[in-house]
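Participant:
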Amino acid sequence: MSRTVLNRLLSHSLENYQVLFNELRFHNHNAHHLGSLYLLGVSDDKLEKAYEIMCEGLDSNKPSPHKIDISNWRSYFGDTDCCQSYRDFFREQLTTAGNDWKKKFFGFLLDNPSHPLINGVVGGLAHSLIHIGYALELDSPIVAIEALTMSAVCCDYLHEIVDTLEPPKYPSKSAIEIFKDIHLDNRFPIYDTATIYNLESVIKNCTDLILFYYNQWNMNRENIEKTMEELFDLAVYIYGATHKPNEIGFDFFLAHLLT
2 MSRTVLNRLL SHSLENYQVL FNELRFHNHN AHHLGSLYLL GVSDDKLEKA
52 YEIMCEGLDS NKPSPHKIDI SNWRSYFGDT DCCQSYRDFF REQLTTAGND
102 WKKKFFGFLL DNPSHPLING VVGGLAHSLI HIGYALELDS PIVAIEALTM
152 SAVCCDYLHE IVDTLEPPKY PSKSAIEIFK DIHLDNRFPI YDTATIYNLE
202 SVIKNCTDLI LFYYNQWNMN RENIEKTMEE LFDLAVYIYG ATHKPNEIGF
252 DFFLAHLLT
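Right under this line is the structure:
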(Lines of atoms letter the chains of each structure in order from A and count residues from 1; the text may use other names and numbers.)
(Lines give C-alpha, C1' and ligand atoms only; values in the text may rest on other atoms or scores of the structure.)
Protein backbone atom coordinates (compact mmCIF):
# COMPACT_ATOMS: atom_id res chain seq x y z
CA MET A 1 0.00 0.00 0.00
CA SER A 2 1.62 3.22 -1.17
CA ARG A 3 0.60 6.82 -0.61
CA THR A 4 2.47 7.61 -3.83
CA VAL A 5 0.12 5.37 -5.82
CA LEU A 6 -2.93 6.87 -4.15
CA ASN A 7 -1.79 10.41 -4.97
CA ARG A 8 -1.01 9.45 -8.55
CA LEU A 9 -4.49 8.00 -9.08
CA LEU A 10 -6.20 10.94 -7.40
CA SER A 11 -4.20 13.33 -9.58
CA HIS A 12 -5.08 11.37 -12.71
CA SER A 13 -8.76 11.52 -11.81
CA LEU A 14 -8.63 15.26 -11.15
CA GLU A 15 -6.83 15.90 -14.42
CA ASN A 16 -8.96 13.70 -16.65
CA TYR A 17 -12.47 13.34 -15.27
CA GLN A 18 -15.19 15.80 -14.33
CA VAL A 19 -16.70 15.82 -10.86
CA LEU A 20 -20.07 15.21 -12.55
CA PHE A 21 -20.95 12.73 -15.29
CA ASN A 22 -23.86 11.15 -17.17
CA GLU A 23 -25.43 14.40 -18.35
CA LEU A 24 -24.02 16.11 -15.25
CA ARG A 25 -26.47 14.25 -12.99
CA PHE A 26 -24.17 11.84 -11.14
CA HIS A 27 -21.15 12.51 -8.96
CA ASN A 28 -17.62 11.23 -9.45
CA HIS A 29 -16.91 8.92 -6.49
CA ASN A 30 -13.26 8.16 -7.28
CA ALA A 31 -11.93 10.00 -4.24
CA HIS A 32 -14.42 8.20 -1.97
CA HIS A 33 -13.54 4.77 -3.31
CA LEU A 34 -9.80 5.27 -3.49
CA GLY A 35 -9.67 6.88 -0.07
CA SER A 36 -11.68 4.09 1.56
CA LEU A 37 -9.62 1.35 -0.06
CA TYR A 38 -6.37 3.05 0.92
CA LEU A 39 -7.48 3.47 4.52
CA LEU A 40 -8.50 -0.19 4.59
CA GLY A 41 -4.96 -1.11 3.56
CA VAL A 42 -5.44 -2.70 0.13
CA SER A 43 -2.40 -3.41 -2.03
CA ASP A 44 -1.22 -1.02 -4.73
CA ASP A 45 -2.20 -3.52 -7.40
CA LYS A 46 -5.78 -3.79 -6.12
CA LEU A 47 -6.00 -0.02 -5.80
CA GLU A 48 -5.01 0.43 -9.43
CA LYS A 49 -7.36 -2.30 -10.66
CA ALA A 50 -10.23 -0.81 -8.69
CA TYR A 51 -9.48 2.59 -10.18
CA GLU A 52 -9.72 1.20 -13.70
CA ILE A 53 -13.21 -0.08 -12.93
CA MET A 54 -14.25 3.16 -11.24
CA CYS A 55 -13.38 5.22 -14.32
CA GLU A 56 -15.66 3.27 -16.60
CA GLY A 57 -18.51 5.54 -17.60
CA LEU A 58 -17.06 8.75 -16.23
CA ASP A 59 -16.99 11.87 -18.41
CA SER A 60 -13.78 13.55 -19.46
CA ASN A 61 -13.29 17.18 -18.56
CA LYS A 62 -15.10 19.49 -20.96
CA PRO A 63 -14.46 23.19 -21.61
CA SER A 64 -16.67 25.50 -19.53
CA PRO A 65 -18.62 28.43 -20.97
CA HIS A 66 -17.14 30.85 -18.40
CA LYS A 67 -13.66 31.45 -17.06
CA ILE A 68 -13.58 31.53 -13.28
CA ASP A 69 -11.24 33.88 -11.44
CA ILE A 70 -11.02 35.56 -8.06
CA SER A 71 -13.34 38.36 -9.18
CA ASN A 72 -16.28 36.18 -10.24
CA TRP A 73 -15.83 32.82 -8.53
CA ARG A 74 -19.10 33.19 -6.61
CA SER A 75 -21.08 34.20 -9.70
CA TYR A 76 -21.63 30.74 -11.16
CA PHE A 77 -22.62 28.66 -8.14
CA GLY A 78 -24.92 25.87 -9.25
CA ASP A 79 -23.80 26.01 -12.89
CA THR A 80 -22.88 22.40 -13.63
CA ASP A 81 -21.39 23.40 -16.98
CA CYS A 82 -18.55 25.10 -15.12
CA CYS A 83 -16.92 21.97 -13.68
CA GLN A 84 -13.64 22.44 -15.52
CA SER A 85 -13.38 26.20 -14.92
CA TYR A 86 -13.95 25.77 -11.19
CA ARG A 87 -11.46 22.90 -11.10
CA ASP A 88 -8.83 25.05 -12.82
CA PHE A 89 -9.49 27.99 -10.52
CA PHE A 90 -9.39 26.06 -7.25
CA ARG A 91 -6.38 24.03 -8.39
CA GLU A 92 -4.44 27.23 -9.04
CA GLN A 93 -5.50 28.73 -5.71
CA LEU A 94 -4.66 25.71 -3.54
CA THR A 95 -1.49 24.79 -5.44
CA THR A 96 0.00 28.26 -5.06
CA ALA A 97 -0.84 28.15 -1.35
CA GLY A 98 1.62 25.27 -0.89
CA ASN A 99 1.63 23.90 2.64
CA ASP A 100 -1.01 26.47 3.62
CA TRP A 101 -3.59 24.86 1.33
CA LYS A 102 -5.93 24.10 4.25
CA LYS A 103 -6.06 27.77 5.20
CA LYS A 104 -7.00 28.63 1.63
CA PHE A 105 -9.43 25.70 1.52
CA PHE A 106 -11.34 26.85 4.60
CA GLY A 107 -11.08 30.42 3.37
CA PHE A 108 -13.17 29.56 0.32
CA LEU A 109 -15.66 27.47 2.29
CA LEU A 110 -16.22 30.21 4.87
CA ASP A 111 -15.56 33.26 2.70
CA ASN A 112 -18.86 35.08 3.16
CA PRO A 113 -20.34 35.30 6.69
CA SER A 114 -23.91 35.67 5.38
CA HIS A 115 -23.80 33.18 2.51
CA PRO A 116 -20.67 31.02 2.83
CA LEU A 117 -20.02 28.30 0.27
CA ILE A 118 -20.13 25.67 3.00
CA ASN A 119 -23.86 26.31 3.46
CA GLY A 120 -24.44 24.67 0.10
CA VAL A 121 -22.49 21.45 0.62
CA VAL A 122 -25.65 19.53 1.54
CA GLY A 123 -26.82 19.94 -2.06
CA GLY A 124 -26.30 17.12 -4.52
CA LEU A 125 -26.92 14.42 -1.89
CA ALA A 126 -24.15 15.92 0.25
CA HIS A 127 -21.42 14.62 -2.06
CA SER A 128 -19.48 17.84 -1.52
CA LEU A 129 -19.57 17.32 2.24
CA ILE A 130 -18.35 13.75 1.81
CA HIS A 131 -15.53 15.02 -0.38
CA ILE A 132 -14.56 17.59 2.26
CA GLY A 133 -14.33 14.79 4.81
CA TYR A 134 -12.03 12.73 2.61
CA ALA A 135 -9.87 15.76 1.82
CA LEU A 136 -9.22 16.28 5.51
CA GLU A 137 -8.89 12.62 6.48
CA LEU A 138 -6.46 11.94 3.65
CA ASP A 139 -4.75 15.32 4.12
CA SER A 140 -5.09 15.74 0.37
CA PRO A 141 -5.12 19.08 -1.47
CA ILE A 142 -6.07 17.11 -4.60
CA VAL A 143 -9.33 15.94 -3.03
CA ALA A 144 -9.82 19.41 -1.55
CA ILE A 145 -9.73 20.90 -5.07
CA GLU A 146 -12.44 18.46 -6.13
CA ALA A 147 -14.41 19.20 -2.95
CA LEU A 148 -14.47 22.93 -3.67
CA THR A 149 -15.33 22.32 -7.31
CA MET A 150 -18.21 20.05 -6.40
CA SER A 151 -19.40 22.47 -3.70
CA ALA A 152 -19.58 25.28 -6.24
CA VAL A 153 -21.33 23.48 -9.08
CA CYS A 154 -23.71 21.51 -6.84
CA CYS A 155 -24.85 24.47 -4.76
CA ASP A 156 -28.65 24.49 -4.96
CA TYR A 157 -31.87 25.61 -3.25
CA LEU A 158 -30.89 24.01 0.07
CA HIS A 159 -28.34 26.71 0.86
CA GLU A 160 -31.15 29.28 1.03
CA ILE A 161 -32.56 27.50 4.08
CA VAL A 162 -29.18 26.92 5.71
CA ASP A 163 -28.24 30.58 5.17
CA THR A 164 -31.11 31.69 7.41
CA LEU A 165 -30.81 29.07 10.16
CA GLU A 166 -30.31 30.17 13.72
CA PRO A 167 -29.92 28.00 16.84
CA PRO A 168 -33.17 26.13 17.71
CA LYS A 169 -35.63 28.52 19.36
CA TYR A 170 -37.29 26.15 21.83
CA PRO A 171 -34.97 23.15 22.27
CA SER A 172 -36.60 20.29 24.12
CA LYS A 173 -36.03 17.00 22.27
CA SER A 174 -33.24 14.81 21.00
CA ALA A 175 -32.75 14.24 17.27
CA ILE A 176 -34.15 10.70 17.46
CA GLU A 177 -37.24 11.91 19.34
CA ILE A 178 -37.86 14.50 16.64
CA PHE A 179 -37.40 11.87 13.94
CA LYS A 180 -40.05 9.71 15.60
CA ASP A 181 -42.44 12.67 15.70
CA ILE A 182 -41.82 13.37 12.01
CA HIS A 183 -42.49 9.73 11.20
CA LEU A 184 -45.94 10.05 12.75
CA ASP A 185 -46.77 13.43 11.22
CA ASN A 186 -49.24 12.91 8.36
CA ARG A 187 -48.74 16.46 7.12
CA PHE A 188 -45.66 15.25 5.27
CA PRO A 189 -46.31 13.65 1.85
CA ILE A 190 -45.73 9.94 1.32
CA TYR A 191 -44.16 8.81 -1.96
CA ASP A 192 -44.32 5.36 -3.54
CA THR A 193 -40.92 5.71 -5.18
CA ALA A 194 -37.75 7.12 -3.69
CA THR A 195 -36.10 9.76 -5.89
CA ILE A 196 -33.99 12.82 -5.26
CA TYR A 197 -36.83 14.94 -6.63
CA ASN A 198 -38.99 14.00 -3.63
CA LEU A 199 -36.54 15.81 -1.37
CA GLU A 200 -36.83 19.05 -3.31
CA SER A 201 -40.62 18.83 -3.25
CA VAL A 202 -40.74 18.27 0.51
CA ILE A 203 -38.20 21.00 1.29
CA LYS A 204 -39.97 23.61 -0.82
CA ASN A 205 -43.53 22.71 0.17
CA CYS A 206 -42.97 21.94 3.85
CA THR A 207 -40.31 24.45 4.84
CA ASP A 208 -42.24 25.84 7.82
CA LEU A 209 -43.02 22.37 9.13
CA ILE A 210 -39.40 21.28 8.82
CA LEU A 211 -38.24 24.37 10.70
CA PHE A 212 -40.90 23.71 13.36
CA TYR A 213 -39.21 20.40 14.12
CA TYR A 214 -35.71 21.80 13.79
CA ASN A 215 -36.48 24.42 16.43
CA GLN A 216 -37.29 21.67 18.93
CA TRP A 217 -33.85 20.09 18.67
CA ASN A 218 -31.96 20.20 21.95
CA MET A 219 -28.60 20.67 20.29
CA ASN A 220 -25.55 20.35 22.53
CA ARG A 221 -23.79 23.54 21.50
CA GLU A 222 -21.21 23.18 24.26
CA ASN A 223 -20.06 19.80 22.96
CA ILE A 224 -20.11 19.62 19.17
CA GLU A 225 -18.57 16.14 19.18
CA LYS A 226 -21.53 14.91 21.22
CA THR A 227 -23.91 16.59 18.80
CA MET A 228 -22.17 14.92 15.84
CA GLU A 229 -22.36 11.56 17.58
CA GLU A 230 -26.11 12.04 17.99
CA LEU A 231 -26.47 12.79 14.28
CA PHE A 232 -24.32 9.78 13.35
CA ASP A 233 -26.58 7.53 15.40
CA LEU A 234 -29.66 9.03 13.76
CA ALA A 235 -28.17 8.50 10.28
CA VAL A 236 -27.70 4.80 11.05
CA TYR A 237 -31.27 4.49 12.32
CA ILE A 238 -32.69 6.25 9.28
CA TYR A 239 -30.70 4.16 6.83
CA GLY A 240 -31.29 0.86 8.58
CA ALA A 241 -34.95 1.24 9.52
CA THR A 242 -36.57 3.30 6.79
CA HIS A 243 -38.39 0.69 4.73
CA LYS A 244 -41.88 -0.72 4.37
CA PRO A 245 -43.01 -3.27 6.96
CA ASN A 246 -41.89 -6.79 6.01
CA GLU A 247 -40.05 -5.43 2.96
CA ILE A 248 -36.52 -4.92 4.21
CA GLY A 249 -34.51 -2.76 1.84
CA PHE A 250 -31.82 -0.13 2.04
CA ASP A 251 -32.25 3.15 0.22
CA PHE A 252 -29.41 4.29 -2.05
CA PHE A 253 -30.06 7.96 -1.36
CA LEU A 254 -30.15 7.54 2.41
CA ALA A 255 -26.81 5.71 2.27
CA HIS A 256 -25.19 9.08 1.64
CA LEU A 257 -26.09 10.11 5.19
CA LEU A 258 -23.63 7.49 6.43
CA THR A 259 -20.73 8.40 4.20
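Here my numbering runs 1 ahead of the position in the sequence shown, where the first position is 1. For every residue, glycine included, the Cβ atom is placed at its ideal position computed from N, Cα and C.
Can you tell me whether tyrosine 135 is buried or exposed? The criterion is at least 16 other CB atoms within 10 Å of its CB, across all chains shown.
Facilitator: Translated into positions along the sequence shown, residue 135 becomes position 134. Burial call: buried.
Participant: With distances taken from CA atoms, which of Cys84, Glu53 and His13 is nearest lysine 68?
Facilitator: The residue given as residue 68 occupies position 67 in the sequence shown. Per the Cα distances, Cys84.
Participant: What number of angstroms, rounded off, separates the C-alpha of valine 144 from the C-alpha of histidine 34?
Facilitator: Counted from its first residue, the sequence shown places residue 144 at position 143. Counted from its first residue, the sequence shown places residue 34 at position 33. Whole-angstrom Cα-Cα distance: 12 Å.
Participant: Does the stretch 211–221 touch the stretch 232–240, meaning 3 or more C-beta pairs lie closer than 8 Å?
Facilitator: Verdict: no, contact absent.
Participant: Pairs of beta-carbons, one from the stretch 148–167 and one from the stretch 126–134, closer than 8 Å: are there three or more?
Facilitator: With the cut-off at 8 Å, the stretch 148–167 and the stretch 126–134 touch.
Participant: Say whether the stretch 49–60 touches the stretch 21–40, bearing in mind that this needs 3 or more beta-carbon pairs closer than 8 Å, one atom from each stretch.
Facilitator: In short, these stretches touch, since the Cβ pair count reaches three.
Participant: Should tyrosine 87 be labelled buried (16 or more other beta-carbon atoms within 10 Å of its own) or exposed?
Facilitator: As a working note, residue 87 is residue 86 in the sequence shown. Classification of tyrosine 87: buried, given that the 10 Å Cβ count is 16 or more.
Participant: Go through its chain and collect everything with a Cβ distance to alanine 195's Cβ below 7 Å, but skip five positions before and after it.
Facilitator: Translated into the one-based positions of the sequence shown, residue 195 becomes position 194. Excluding sequence neighbours, alanine 195 sits near Asp252 and Phe254.
Participant: At what residues does the alpha helix (DSSP H) containing methionine 267 begin and finish?
Facilitator: Nothing about residue 267 can be reported from this structure: the residues present for the chain run from 2 to 260 only.
Participant: Apart from the five residues just before and just after lysine 174, which ones in its own chain have a Cβ nearer than 8 Å to its Cβ?
Facilitator: Locating residue 174 in the sequence shown gives position 173, counting from the first residue. Here the set comprises Asp182, Gln217, Trp218 and Asn219.
Participant: Could you tell me whether the Cβ atoms of isoleucine 177 and glutamate 231 are closer together than 9 Å?
Facilitator: By 1-based counting over the sequence shown, the position of residue 177 is 176. By 1-based counting over the sequence shown, the position of residue 231 is 230. In contact: isoleucine 177 and glutamate 231 (Cβ atoms closer than 9 Å).
Participant: Straight-line CA distance for glycine 65 to lysine 105?
Facilitator: Counting from one through the sequence shown, the residue named residue 65 turns up at place 64. Counting from one through the sequence shown, the residue named residue 105 turns up at place 104. Note on identity: in this sequence residue 65 is serine, with glycine being the wrong assignment. Cα-Cα distance, rounded: 23 Å.
Participant: Taking the straight line between their C-alpha atoms, what separation do you get for leucine 185 and glutamate 24?
Facilitator: Sequence index remark: in the sequence shown, residue 185 carries index 184 (1-based). Sequence index remark: in the sequence shown, residue 24 carries index 23 (1-based). Between leucine 185 and glutamate 24, the C-alpha separation is close to 38 Å.
Participant: Under 8 Å Cβ to Cβ from serine 235, same chain only, skipping five residues before and after it: list those, please.
Facilitator: As a position in the sequence shown, residue 235 is number 234, starting the count at 1. This sequence places leucine at residue 235; serine is not what is there. Closer than 8 Å at Cβ, skipping near neighbours: Ala176, Ile177 and Phe180.
Participant: Would you mind working out which of Tyr39, Asp89 and Ala98 sits nearest lysine 1, comparing C-alpha positions?
Facilitator: Nothing can be reported for residue 1: it is not among the residues displayed for the chain, which extend from 2 to 260.
Participant: Excluding the 5 residues preceding and the 5 following leucine 10 in the sequence, name in chain order all residues of the same chain whose CB lies nearer than 8 Å to its CB.
Facilitator: Taking the sequence shown and counting its residues from 1, the one referred to as residue 10 is at position 9. Within the same chain, leucine 10 has close Cβ partners Asn31, Leu35, Leu48, Glu49 and Tyr52.
Participant: Since aspartate 157 contacts glycine 79 with CB under 8 Å, what's their CB separation in whole angstroms?
Facilitator: Within the sequence shown, the letter at position 156 stands for residue 157. Within the sequence shown, the letter at position 78 stands for residue 79. Aspartate 157 to glycine 79, Cβ: 6 Å. Contact.
Participant: Quick one: what's got a C-beta closer than 8 Å to leucine 38's C-beta in the same chain, skipping five residues either side?
Facilitator: Against the sequence shown, residue 38 aligns to sequence position 37. Within the same chain, leucine 38 has close Cβ partners Lys47, Leu48 and Ala51.
Participant: Judging by CA-CA distance, which residue of Leu212, Cys207, Ile204 and Ser141 is the nearest neighbour of asparagine 8?
Facilitator: Mapped onto the sequence shown, residue 8 falls at position 7. For the residues Leu212, Cys207, Ile204 and Ser141, the minimum Cα distance to asparagine 8 belongs to Ser141.
Participant: Could you check the C-alpha separation between glutamate 201 and phenylalanine 233 for me, to the nearest Å?
Facilitator: In the sequence shown, counting from the first residue as 1, residue 201 sits at position 200. In the sequence shown, counting from the first residue as 1, residue 233 sits at position 232. Going from the Cα of glutamate 201 to the Cα of phenylalanine 233 covers about 23 Å.
Participant: From aspartate 101 to leucine 137, what does the alpha carbon distance come to, in whole angstroms?
Facilitator: For the purposes of this step, residue 101 is identified with residue 100 of the sequence shown, where counting begins at 1. For the purposes of this step, residue 137 is identified with residue 136 of the sequence shown, where counting begins at 1. Spanning the two alpha carbons is a distance of roughly 13 Å.
Participant: Looking only at C-alpha atoms, which of Gly125, Pro172, Asn187 and Pro190 sits nearest to histidine 160?
Facilitator: Working through the sequence shown from its first residue, we reach residue 160 at position 159. Checking every option, the nearest Cα to that of histidine 160 belongs to Gly125.
Participant: Under 9 Å, do tyrosine 215 and leucine 258 count as touching if we go by C-beta distance?
Facilitator: Position 214 of the sequence shown holds residue 215. Position 257 of the sequence shown holds residue 258. No, they are not a contact pair.
Participant: Exposed or buried, which one is asparagine 224 when buried takes at least 16 other CB atoms within 10 Å?
Facilitator: Along the sequence shown, read from residue 1 onward, the residue named residue 224 stands at position 223. Classification of asparagine 224: exposed, given that the 10 Å Cβ count is below 16.
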